[in-house]
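One structure is given below, encoded as structure tokens.
Structural data, given as structure tokens:
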């Protein structure tokens, strides 16, 4: 009986350790030079993009799968109320006009939908969809973008092809810096 108990205990411990290895990686990501820890499952090129639900400015649930058959750009950032995040949102709004009708740009952050709506209205942002991951952190966990230390999203870009597969992933090494727009836009054009 004791032997069976110890075998079960060992299995449970090893399973728990394996689960823990899928998250808690910092991937070399920093915030102003200080390492941060990312939670969730890292996104990889060639994998099917995991579905997720975000909340739009009307407090409606929007799923990635709602854009099936289109190239989807996920522009991810911590908070639109910071200079770099605001610049990233403006830039992808500008880029969206030249990408064509078969491309959709979604921005994702942990900001409340009201804050995203306020920013977009003030800045004339009208070519992209803003989604909040504030409720369940579903996007952050499904793509490995959730910051353990402050529960915000790290900065990055993911491009998903019309077939639903991830074609490009960029986790910005220092989240106080902007993403590589040129590489991201090139990936979008290649995915079309």
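In this note's numbering, the protein residues as written are 32 to 223.
Beta carbons: idealized from backbone N, C-alpha and C, even for Gly.
Quick caveat, the model's predicted, so the values are computed rather than measured.
For the pair of segments examined, the stretch 204-212 was found to touch the stretch 180-191: the number of CB pairs separated by less than 8 angstroms reaches three. Between residue 175 and residue 74, the C-beta gap is smaller than 8 angstroms, which places the two residues in contact.
Per DSSP, reduced to three states, the secondary structure at residue 110 is coil, with no helix or strand assignment. Annotation for residue 111: 117, 120, 140, 142, 146, 147 and 150 place their beta carbon closer than 7 angstroms to its own, counting only its chain and skipping 5 residues before and after.
In this structure, residue 177 lies away from residue 95, with their beta-carbon atoms at least 8 angstroms apart.
Taking the Cβ atoms as the reference, residue 137 lies roughly 6 angstroms from residue 162, within the contact range of under 8 angstroms. Between residue 126 and residue 216, the alpha-carbon positions lie close to 8 angstroms from each other.
For the options 133, 200, 92 and 63, the alpha carbon positioned closest to that of residue 105 is the one of 200. For residue 154, the enclosing alpha helix (DSSP H) begins and ends at 144-154. Close CB contacts of residue 98 within its chain, under the 6 angstroms cut and outside five residues either way in sequence, are with 135 (chain order).
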